[in-house]
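Reading the sequence shown from the start, the letters are residues 2 to 725 in this note's numbering. Note that beta-carbon positions come from the ideal geometry of N, C-alpha and C, so glycine has one too. Right, one structure below, let's go through it.
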Amino acid sequence: MATLLYRLGRASFRHRRLVLALWLAVLAVAGVGALVFMGPTASNFTMPGTESQRALDSLAKHFPQAAGATGTVVVAAPEGEKLTAPKNQATVQALTKEAGTLPGVVAAVDPFQVGAVSPDERYALIQVQFAVGGDELTDAQHAAYEKVGGAAEAAGLRVERGGEIMSGEPEIGSTEALGVGVAAIVLIVTFGSLVAAGMTLLNALIGVGVGMAGLFALSGVVELTATAPVLALMLGLAVGIDYSLFISSRHRQNLLDGLEPEEAAGRAVGTAGSAVVFAGATVVIALAGLSVVNVPFLTVMGLAASATVAVAVLVAITLQPALLGFAGRRILARRHRAASKPGAHERAGFGFRWAYLITRLRAVVIIAGVLGLAVLAVPAKDMRLALPDAGTASADSAARKAYDLIAEGFGPGFNGRLAAVVTGDSPEAAGRAAKQAATLIQGTKGVVAVTPPQFNALKTTALLAVIPSTGPTAAATEALVHTIRAKVANLDGAEVALTGQTAIGIDVSEKLSDALPVYLLLVVGLSILLLMLVFRSVLVPIKAALGFLLTVGATFGITVAVFQWGWLAGLLGLDTPGPLVSFLPILLIGILFGLAMDYQVFLVSRMREDFVHGNTAEQSTISGMGHGARVVTAAALIMISVFAGFVLLDDPIIKSMGFALAVGVVIDAFVVRMTIVPAVMSLLGDRAWWMPRWLSRVLPNVDIEGEQLRAHLDRETSKVTVHS
């Protein structure tokens, strides 16, 4: 592979104008495609095969007018007044009539007719039923709903608009630009050259532009969740900058060693580019592997993110050497350009000093590092998963204000209402089963109320609203859902299924929790196999996998402490702690696996390179750290800054993803890969590179370190010498 990439790098360098023109053309075509074919993103999380999804499908088939999105308008009278006073009651009824005439609304229910008024008569709930799902509502319909109740507010009442239709999409903007700005500063400091920093950043941005534009162009035919493009942008930016950084750094090293620019670029792509291809492939495989969980929205998120990473790899090994051709020797800092002879440059002093220190104190470092990460992982044992609700939204958002007002007037359970769907073989069976279900559910501990059944036109399907006493993400609500399902499981002549946003969230979380150990085992097994191919070793892959588990455990622990327990939540702008979003752990494992392999490959491949060329195991460890520490530090800081930029968003899903990824990179890069790994490598000595002969013969040689490339170049040099 290294030889093939070497030739690709030289060809891209030589034909740089053509390569640049082709990538700009791809960017333009993808951009036009995005503008023409872009479709809406979805905010719903469907889970085929679960009871809640079966109930929704039944409603859509037999009771379509009840299958659309719902909104809840909350009305509150000033303190000391009641909504039942004639003037206030007339205002509320006028508001109900206004809501019923909104575009796309099937009906708005008068709270006085259905008893949706609080015991103190200060609060009322107006249920607004739309004809279509929330993702199908137009911007005009959303805007009309958000303005409803202006006359009631003018009359002195407080009006808040909430419900499932108020779940917004995360906005991309200045916070991500801040992360890119920090990355630019890191690149300037690392390279000491504005040209090198700007070229590396430009390369990454073109790759991200192509990936994101292509993703949005496909959104017209593939349903994307609102978080999928954000995840793709987050990863595309981070790995795009890092991959370009690795190749640029090796190219600069080659120039300083006296190679001509074209040869330097070819060798950079052949060596560092091989590591980039492998590292990118691990990220792609890990993210695409999310499809084994069989959760549609998670599969789409994984495939979308893996596609942007694949584009980043292609850009790095083709466009990057082309841009290196335009930069020439200006990619070097001025003091290096002025050097009079090859090799007249400073070595990465800090990396060597750090490696010497780690190898001397290896036993202490290993014990302290492992115990410290184990302590950080302790909170993970209390991890709870749920889909986020309005209770964790920003305190100044409309959805959160409505949520808090409902909880204030009626109790937290009114924000987590459930829906029991009764489907009978006949109208008589459906009616009988609906009455039995209502009685059984009403007698369940933790249920505040059950509304009378609403029937479809054929009287074969009934809908009962169930109000729990606890909030949507409370553990008691989860237990209540299971209790109700067990009670109504065997009614004669009818099927009863529990659904609603709360039940959907519980089903999604449970399925993902069940899939988590299987996916973790898959990822760890994959990491061991891939690293065996790369390093021709048994112990190095096992050590890398154990380090990955330490990273994951500590990251989960810190994320639980902040987002679930609320430690330092105020510093992150987190208004209300709560359970982690249900797909965060499995997504985090997939992403961190790929990133962990990045740093493992870039550091340990240099150690192996020196070892196979005759250095001792300890010398190889020190040399690998000495040469790789600076660039890996820069790469990690760039990733951290990009991910941390997403923490500034209000959306709790994106905030938690950005935080967990940033923390995971800090732990994996600086604690595991740059501290524990060299200590363990030093302790293992020559045994680190042991592999049974039979296994070595079975495994293909992927030549990440470029051994075959060096042999090829030596043969070419010998031919030239003989002919001359």
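Check	Outcome
Rounded to whole angstroms, what is the Cα-Cα separation between residue 14 and residue 326?	5 Å
Would you mind stating whether residue 474 and residue 230 have Cβ atoms separated by less than 8 Å?	no
Thinking C-alpha only, which one of 437, 264, 34 and 276 is nearest residue 488?	437
Apart from the five residues on each side of it in sequence, which residues of its chain come closer than 6 Å, Cβ to Cβ, to residue 1?	Absent from the model: residue 1. The displayed extent of the chain is 2 to 725, so no value can be given.
Check for me: the alpha helix (DSSP H) holding residue 247 runs from which residue to which?	228–257
Drop a sphere of 10 angstroms on the beta-carbon of residue 427, count the other beta-carbons inside from all chains shown, and report buried for 16 or more, exposed for fewer.	exposed
Does the beta-carbon of residue 104, which I'm using as the reference point, lie nearer than 7 Å to any heavy atom of the ligand SAH?	Only the bare structure without any ligand can be found here, which leaves the ligand SAH out of the picture.
Taking the C-alpha atoms as reference points, what is the distance between residue 348 and residue 402?	No answer about residue 348 holds up, because its pLDDT of 48 lies below 50 and its placement is not dependable.
Hey, residue 1 and residue 142: beta-carbon distance below 8 Å or not?	Lying outside 2 to 725, the shown extent of the chain, residue 1 is not represented and no answer is given.
How should residue 258 be labelled, buried or exposed, when 16 other C-beta atoms within 10 angstroms of its C-beta is the threshold for buried?	exposed
Measure the beta-carbon distance from residue 256 to residue 333 and round it to whole angstroms, keeping in mind my assumption that it falls under 8 Å.	6 Å
In angstroms with no decimal places, state the Cα-to-Cα distance between residue 274 and residue 318.	6 Å
What does a CB cutoff of less than 7 Å around residue 35 pick up in its chain, not counting 5 residues either side in sequence?	214, 217 and 218
Classify residue 88: buried if its beta carbon has 16 or more other beta carbons within 10 angstroms, exposed otherwise.	exposed
So does the segment 21–31 actually touch the segment 456–476, counting three or more Cβ pairs closer than 8 Å?	no
With DSSP run on the structure shown, which of helix, strand or coil describes residue 185?	helix
Which class does residue 536 belong to by DSSP, given the choice of helix, strand or coil?	helix
If you run the structure through DSSP and keep just helix, strand and coil, what is residue 263?	helix
Verify whether the separation of the beta carbon atoms of residue 309 and residue 212 is less than 8 Å.	yes
Leaving out five residues before and five after residue 559 in sequence, what residues of the same chain have Cβ atoms less than 7 Å from its Cβ?	377 and 664
Taking residue 390 and residue 416 to be in contact with their CB atoms under 8 Å, please state how far apart those CB atoms are, rounded to whole angstroms.	7 Å
Which two residues bound the contiguous beta strand (DSSP E) that contains residue 561?	Per DSSP, residue 561 belongs to no beta strand (DSSP E) and is neither H nor E.
Just to confirm before moving on: does the CB-CB distance between residue 581 and residue 565 stay below 8 Å?	yes
What do you reckon, are the CB atoms on residue 684 and residue 363 nearer than 8 Å?	yes
Taking the straight line between their C-alpha atoms, what separation do you get for residue 10 and residue 593?	29 Å
Flag this pair as yes or no: are the beta carbons of residue 598 and residue 278 separated by less than 8 Å?	no
Measure the alpha-carbon distance for residue 352 versus residue 629 and round it to whole angstroms.	7 Å
On a Cα-Cα basis, can you pick out the residue from 388, 631 and 541 that is closest to residue 193?	631
Take the Cβ of residue 440 as the centre, count every other Cβ of all protein chains shown within 10 Å, and call the residue buried at 16 or more, exposed below.	exposed
Count the other CB atoms within 10 Å of the CB of residue 202; is the residue buried (16 or more) or exposed (fewer)?	buried
On a CA-only basis, which of 373, 301, 270 and 68 is nearest residue 135? Give me that one, please.	68
Count the other CB atoms, across all protein chains shown, that sit within 10 Å of the CB of residue 609; report buried if there are 16 or more and exposed otherwise.	buried
For the beta strand (DSSP E) containing residue 469, list its first residue and its last residue.	462–469
So, helix, strand or coil for residue 64, using DSSP?	coil
Comparing alpha-carbon positions, which option in 420, 94, 124 and 99 lies nearest residue 111?	94
At which residue ranges does the segment 497–576 contain complete beta strand (DSSP E) runs of 3 or more residues, listed in the order of the chain?	none
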